[in-house]
Amino acid sequence: MQALQSAIEALKSGGADVRTYDRSLDRHEDVHLLMIKQDGVRYLLAQGNGPLYDALEGEPVQGVSEPAKLCPLSHGNRLVLNRFFPYTAPRAFGTQIATIGLGDRLGIASPGHIETVRGKAIRPILAQQSIRELNLTGRDYKEVLDAACFAAFQEGYKDGFGADGDHLKVEADIEMALGLGFTMLTLDCSEHIDNSIEGLSDAEIKAKYAGLSADVRSHYENKFLNRTFEAAGIGFAFNELDLAKNVLIYGKAIDYMEHIFVRYIRDAGREIDFEISIDETLTPTDPKSHFLIARELYDRGLTLFSMAPRFCGEFQKGIDYIGDVAQFEEELRVHAAIADHFGYKLSIHSGSDKFTVFPMIGEHTKGRFHLKTAGTNWLEAMRVVAKKNPDLYRRMHAYSREHFHEATAYYHVKADPDNVKPLDSVSDEQLPDYLNDDDARQMLHITYGLLLQAKDASGKPLFKDEFFRTMEANEQEYRDALVQHIGKHVALLGK
196 MQALQSAIEA
206 LKSGGADVRT
216 YDRSLDRHED
226 VHLLMIKQDG
236 VRYLLAQGNG
246 PLYDALEGEP
256 VQGVSEPAKL
266 CPLSHGNRLV
276 LNRFFPYTAP
286 RAFGTQIATI
296 GLGDRLGIAS
306 PGHIETVRGK
316 AIRPILAQQS
326 IRELNLTGRD
336 YKEVLDAACF
346 AAFQEGYKDG
356 FGADGDHLKV
366 EADIEMALGL
376 GFTMLTLDCS
386 EHIDNSIEGL
396 SDAEIKAKYA
406 GLSADVRSHY
416 ENKFLNRTFE
426 AAGIGFAFNE
436 LDLAKNVLIY
446 GKAIDYMEHI
456 FVRYIRDAGR
466 EIDFEISIDE
476 TLTPTDPKSH
486 FLIARELYDR
496 GLTLFSMAPR
506 FCGEFQKGID
516 YIGDVAQFEE
526 ELRVHAAIAD
536 HFGYKLSIHS
546 GSDKFTVFPM
556 IGEHTKGRFH
566 LKTAGTNWLE
576 AMRVVAKKNP
586 DLYRRMHAYS
596 REHFHEATAY
606 YHVKADPDNV
616 KPLDSVSDEQ
626 LPDYLNDDDA
636 RQMLHITYGL
646 LLQAKDASGK
656 PLFKDEFFRT
666 MEANEQEYRD
676 ALVQHIGKHV
686 ALLGK
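Mapping the sequence shown onto my numbering, position 456 (from 1) lands on 651, and the numbers just tick up by one.
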């Protein structure tokens, strides 16, 4: 820090309010680099002579004997940071350590996420967003990845983090995400899974199966028909109806998985964690289906990081698991055994706040799992707003309630806004209690995009600017809230 002290003092002497992030202090050759906040805006402060200093874009600091530069957190400077300090770039993790997806929809949660997992046997996927989330927040993948990389530098976090192109369906989006350096791809196969098969009679299934090409039918029949397979002491047998149903539901999806792997993953020239999502079905994933898909993919030469089946019960946004816990544990045990047999990790989607089942997940996966969370971080931000800016919270809450049904077009939740206590009956001190109520949590959870994008008649944001000013002024409170809340997830998972 001493090396940069003259530059810091020069900034302060000009009347600036300067805060330093001491964990970020690093050095490349004769150049020292530090994350600071000047008048509420973060910058990189560089001082010295060398290639790092020359590569960074920024404005010279006046009044110092040794060259110093104040550098914005731009995309170009992020790429420079990645080049000189590789720990600030995302990486793949493979299958031997637990990972947790921490979708930061706001671009300000990663410091708290990093503090939560620091020193624990779990690695964070800091950048995790779907195309839907990008559209609802008005962000893009460059911004998402930039925020994660700068957070890793700010926190001096060198244990590694990932970047997930989440629930990507089309090749253009896959190519874009991987081209930007994302290290994980969650392939959403929902458009290639035939959910109509579940409603057909046995005779209709057999007739539809007979309409497939002879090559497809013989391929699967020669491999699976009337054969019994064993994985982790569990037997899986496929009769004619079992096989026909699975091929009809998943056959095209399996072909698409192979196509994406061959085109984008296999010859990428770097490690990419490839996750298969098969949770977008009308009914829970039959363990037989899970086994068939996994066996077929491995026979075709695919290497998987994880697979996400659909479980029994409901994994709704922002609240605990809904359903028969004993049945869930039995299904989890079997699905985890299949994943373990083939060597990949079991992935659990919509994993935020599923406190009842976290210990089971940690146990039955033997600590090798991938868990996706996202919106719970937004809810913790709203908790901070409720505590620190009650007037803003009241306006956002009222808007969320008014526009709740618009958001149900994107998310399925059980929440009923009519069950939420009226605002005029709640004191300012009681506002944070809304974040402990399932109906209010889900109401606020799914309207995040509407709230962040809402504008008045003149086109000025109704809430966004004030929201981010409030969060910036209460940076430590948000960090502490995330450490407590996400920390509860991590502890119950056994990490």
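Where a beta carbon is used, it is the ideal one built from N, C-alpha and C, also for glycine. Quick caveat: nothing in here was measured; it's all calculated off a predicted structure.
Check                                                                                                                                                                       : Outcome
Going residue by residue through the stretch 282-327, where are the continuous beta strand (DSSP E) segments of at least 3 residues, counting only ones entirely within it? : 293-297, 317-325
In the DSSP assignment, find the beta strand (DSSP E) that holds SER595 and state where it starts and stops.                                                                : That residue, SER595, is in no beta strand (DSSP E); its alpha helix (DSSP H) goes 585-597.
In this structure, does DSSP put CYS344 in helix, strand or coil?                                                                                                           : helix
When DSSP builds the beta bridges, which residues end up paired with ASP221?                                                                                                : LEU228
Can you round the beta-carbon distance between VAL226 and GLY245 to whole angstroms, since I take them to be within the 8 Å contact cut?                                    : 4 Å
What's the gap between the Cα of GLU165 and the Cα of VAL312?                                                                                                               : No answer is possible for residue 165: it lies beyond the span of the chain, which begins at 196 and ends at 690.
Between the stretch 634-645 and the stretch 271-278, can you find at least three pairs of beta-carbon atoms closer than 8 Å?                                                : no
Just mark GLY357 as buried or exposed, buried being the case when its beta carbon has 16 or more other beta carbons within 10 Å.                                            : buried
Out of PHE658, ALA342, ILE292, GLY296, point me to the one whose CA is closest to ASN277's CA.                                                                              : ALA342
Can you give the Cα-Cα distance for ASP375 and GLY355, rounded to whole angstroms?                                                                                          : Before going on, a small fix: residue 375 reads as Leu here, not Asp. Each residue's alpha carbon lies about 17 Å from the other.
Enumerate in chain order the residues of its own chain whose CB-to-CB distance from ASN390 is below 7 Å, with the five nearest sequence positions on each side excluded.    : THR476, LEU477
Rounding to the nearest angstrom, what Cα-Cα distance links TYR445 and GLU453 in this structure?                                                                            : 12 Å
For the alpha helix (DSSP H) containing MET555, list its first residue and its last residue.                                                                                : 553-559
Tell me THR665's beta-bridge partners as DSSP assigns them.                                                                                                                 : THR665 pairs with nothing; no bridge assigned.
Which whole runs of the beta strand (DSSP E) in the stretch 444-509 are 3 residues long or more, in chain order?                                                            : 468-473, 501-504
How is the beta strand (DSSP E) around LYS549 delimited, first residue to last?                                                                                             : It is not in any beta strand (DSSP E) - LYS549 carries neither H nor E in the DSSP assignment.
Assuming ASP586 and LYS549 make a contact with CB atoms under 8 Å, what is their CB distance in whole Å?                                                                    : So it is not a contact: roughly 33 Å between Cβ atoms.
If you count every other CB in all the chains shown that lies within 10 Å of the CB of SER219, and 16 or more means buried, which is it?                                    : buried
Taking three-plus beta-carbon pairs below 8 Å as touching, is the stretch 568-584 in contact with the stretch 639-649?                                                      : yes
Using the C-alpha atoms, what's the distance from PHE419 back to THR332?                                                                                                    : 45 Å
Under 8 Å, do VAL442 and TYR415 count as touching if we go by C-beta distance?                                                                                              : yes
Which of the three DSSP states, helix, strand or coil, is assigned to SER269?                                                                                               : coil
Would you mind working out which of LEU566, GLU524, LEU199, LEU647 sits nearest ASN330, comparing C-alpha positions?                                                        : LEU647
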